[in-house]
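Report on the structure given below.
There are 2 protein chains.
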Amino acid sequence: MADRKDIHNSDTPVLCQSCEARHNGMCGVLEPTELLALSKITRVVRHEAGAELAAEAQPVDSYANVMRGVVKLTKTLEDGRQQIVGLQFAPDFLGRLYTKESAVTAEAASDVDLCRVPRAALERLMSENPALEHRLMQQTLRELDEARDWMVTLGRKTASEKVASFLYLIATHLDPSHEGEAIRHFDLPLTRSDIADFLGLTLETVSRQLSRLRADKVIAITGNRHVDVMDMARLKSRCG
Amino acid sequence: MADRKDIHNSDTPVLCQSCEARHNGMCGVLEPTELLALSKITRVVRHEAGAELAAEAQPVDSYANVMRGVVKLTKTLEDGRQQIVGLQFAPDFLGRLYTKESAVTAEAASDVDLCRVPRAALERLMSENPALEHRLMQQTLRELDEARDWMVTLGRKTASEKVASFLYLIATHLDPSHEGEAIRHFDLPLTRSDIADFLGLTLETVSRQLSRLRADKVIAITGNRHVDVMDMARLKSRCG
DNA sequence: TTGCGTTGTTGATCTCGATCAAGGTTGAAA
DNA sequence: TTTCAACCTTGATCGAGATCAACAACGCAA
């Protein structure tokens, strides 16, 4: 299998010469025939952690599929208070359909590979192909369900339940290979400050709650970012 | 124009004899030709405030359009803590597409009229009619935007900003006739306890903040439920 | 290795909103 | 019009999480 020699560093997009073969099964909503139709104009772009992919109230001229890494969607109040309103994992589709202005800021939380598709091309394909719009509808409905779940976390859970809920969410997304098992491990894709912005807390409170989970042997933390969940059931029981 | 004599009290559905004429321009996502196609099987049902329209994790066999009133969508934790995750106003479409299990509880906040459509019939119409799915996609995207906006309110705003944001939201939905004007008036469709569940606060805090807005002459309150916003710009400036 | 900026931890104190408690309004039904 | 339950307001106190502060750990570059 071809490696990723053709994927260069941030802001060096590379034309995808055989998109179908490479993205099949990875490229989220796009099926092989659709990928083939778009293969000449999709670009795989690598972004480093922290890169801004789309800014609130700014026009965006392409959609993308997240192929690797985690993208955070944030909204910011005038005085600087920030809230992460969604996390997108591979192979999610990225971009607000049918409006050029993004309502959120999209930022690479970890290093991220995106498969970009020009807006016009995707919208043309979609208008000829109701099945594609149907699949995008399914993802949109899932995102709405997730947003509403998170509203309960933001509005009604304690700090300790919020942090447990966050770890549970990340564990199920980043270590699906051990599904059903008690032990999971993963690297946190967010800093303490980002986690705080996702949970509506301060970074100090997040740090304290993580320390408490560690003291209670629910998790182990190695080098700030690596987390081993010792018992998923026990973690879940702390999610409120 | 025909009045609503054929609409009886809660749980007494009445067959819609000329759906097209009556719902045209009211029935949210459905266009006249679609209404005509469904006219024999839609039912207009009136529900009193407090009626449960769909329960979390329970199967639902129909979709509906909200024709009058406000529907609240709630989620509840095991220990009883509750969060309102969405409000639906006429002429919104109601119901989670493509899955029979509702992820939320839908309850009539005020008295509500629904135009119900059997699931199977709407899904059949949708599969033959990509334009209908497209319109539902637009509403879903709008709901997702609204949910993410509200996540900022829940996660990052103070109690006083939350209450101001709520009043602003309700004012723009329930008194659109005075759009652009400083003064708006409406009846609150929610109790103090419901408002608290929408904002992630307690009912006492909501009451105190409303009293403060009244003392500051931003609003006037008559008989608990009726609100006059004296200056929308001043209200907005308190939304954070 | 040393130096240094970024990121994370922990402690002390403060504050906003929750909780506990009592009484006041409202509006529908008798 | 009286009655009553549901709803709302206000006051006193408490506590979870914010804020302020100091330091520790990590990773990268020189």
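Taken in order, these protein sequences are the chains called A and B.
Quick note: the first sequence uses the working numbering, first residue 1, plus one each step.
Quick note: the second sequence uses the working numbering, first residue 241, plus one each step.
Beta carbons: idealized from backbone N, C-alpha and C, even for Gly.
Please read these numbers as outputs of a predicted model, since none were measured by experiment.
Spatially closest choice to residue i from the options, by CA coordinates
i, options, result
"L30 (chain A)", "A:H134, A:E56, A:E48", "A:H134"
"G86 (chain A)", "A:D194, A:V45, A:L97", "A:D194"
"E318 (chain B)", "A:E123, A:I41, A:A108, A:K157", "A:K157"
"E107 (chain A)", "A:R46, A:E179, A:I41", "A:R46"
"M151 (chain A)", "B:R452, B:D437, B:V284", "B:D437"
"V284 (chain B)", "B:P358, B:L337, B:T273", "B:P358"
"T99 (chain A)", "A:I41, A:D92, A:A131, A:Y63", "A:Y63"
"R465 (chain B)", "B:R432, B:N369, B:L441, B:R478", "B:R432"
"T153 (chain A)", "B:G420, B:P429, B:Q323", "B:Q323"
"T222 (chain A)", "A:D187, A:L201, A:E204", "A:D187"
"A159 (chain A)", "A:L38, A:K40, A:A51, A:S211", "A:S211"
"A291 (chain B)", "B:E386, B:L409, B:L354, B:L407", "B:L354"
"G395 (chain B)", "A:S127, A:R81, A:D231", "A:R81"
"D231 (chain A)", "A:E161, A:G180, A:E146", "A:G180"
Secondary structure of residue i, DSSP reduced to three states
i, result
"P331 (chain B)", "coil"
"N464 (chain B)", "coil"
"K312 (chain B)", "strand"
"L430 (chain B)", "coil"
"R478 (chain B)", "coil"
"T380 (chain B)", "helix"
"A55 (chain A)", "coil"
"D145 (chain A)", "helix"
"R214 (chain A)", "helix"
"D353 (chain B)", "strand"
"E48 (chain A)", "coil"
"K403 (chain B)", "Per the sequence shown, residue 403 (chain B) should be read as Val rather than Lys. Residue state, collapsed to three classes: helix."
"D102 (chain A)", "Correcting the residue type first, residue 102 (chain A) is Ser in the shown sequence and not Asp. Here S102 (chain A) sits in coil by DSSP."
"A304 (chain B)", "strand"
"R424 (chain B)", "strand"
"T153 (chain A)", "helix"
"R119 (chain A)", "helix"
"E321 (chain A)", "This structure leaves residue 321 (chain A) out entirely; chain A is present only between 1 and 240."
"E107 (chain A)", "strand"
Any chain B beta carbon closer than 8 Å to residue i
i, result
"Y98 (chain A)", "yes"
"K75 (chain A)", "yes"
"P189 (chain A)", "no"
"F92 (chain A)", "The question names Phe, but residue 92 (chain A) is Asp in the sequence shown. It does not; no Cβ of chain B falls within 8 Å."
"E232 (chain A)", "The sequence as given places Met at residue 232 (chain A); Glu does not occur at that position. With 8 Å as the cut-off, M232 (chain A) does not count as an interface residue toward chain B."
"G180 (chain A)", "no"
"E133 (chain A)", "yes"
"R81 (chain A)", "yes"
"R238 (chain A)", "no"
"P130 (chain A)", "yes"
"R192 (chain A)", "no"
"L167 (chain A)", "no"
"A164 (chain A)", "no"
Cβ-Cβ distance between residue i and residue j below 8 Å
i, j, result
"V446 (chain B)", "V403 (chain B)", "yes"
"T282 (chain B)", "R356 (chain B)", "yes"
"A49 (chain A)", "A109 (chain A)", "yes"
"Q379 (chain B)", "F333 (chain B)", "yes"
"A361 (chain B)", "L441 (chain B)", "no"
"L125 (chain A)", "L132 (chain A)", "yes"
"L199 (chain A)", "F166 (chain A)", "yes"
"R388 (chain B)", "A147 (chain A)", "yes"
Chain A within 8 Å of residue i, Cβ atoms only
i, result
"Q298 (chain B)", "no"
"E383 (chain B)", "yes"
"A343 (chain B)", "yes"
"T442 (chain B)", "no"
"R364 (chain B)", "no"
"R359 (chain B)", "no"
"T380 (chain B)", "yes"
"V325 (chain B)", "yes"
"M266 (chain B)", "The pLDDT assigned to M266 (chain B) is 45, lower than 50, so where the model puts this residue is not dependable, and the model offers no usable value."
Residues of its chain near residue i, where Cβ-Cβ distance is below 8 Å and the 5 sequence neighbours each way are ignored
i, result
"A233 (chain A)", "A182"
"N129 (chain A)", "E34"
"R214 (chain A)", "A220, I221"
"E143 (chain A)", "G86"
Own chain partners of residue i with C-beta closer than 6 Å, once the 5 adjacent residues on each side are dropped
i, result
"V229 (chain A)", "A171, R184, I219, L235"
"A57 (chain A)", "E101"
"V60 (chain A)", "A54, S102"
"R22 (chain A)", "Any reading at R22 (chain A) must be qualified, since the residue scores a pLDDT of 47, below 50, and its modelled position is unreliable; the value itself is stated next. Excluding residues within five positions, none has a Cβ falling inside 6 Å."
"H418 (chain B)", "R424"
"G240 (chain A)", "K157, E161"
Contacting residues, own chain, Cβ-Cβ under 7 Å from residue i (five flanking each side not counted)
i, result
"F89 (chain A)", "V66, V70, H173"
"V104 (chain A)", "E56, L73, T74, K75, V85"
"S10 (chain A)", "Interpretation of S10 (chain A) is limited by its pLDDT of 31, a score under 50 that renders its predicted location unreliable; no figure is taken from the coordinates."
Heavy atom of the ligand FMN within 7 Å of residue i beta-carbon
i, result
"G395 (chain B)", "Because no ligand of any kind appears in the structure shown, any question about the ligand FMN cannot be addressed here."
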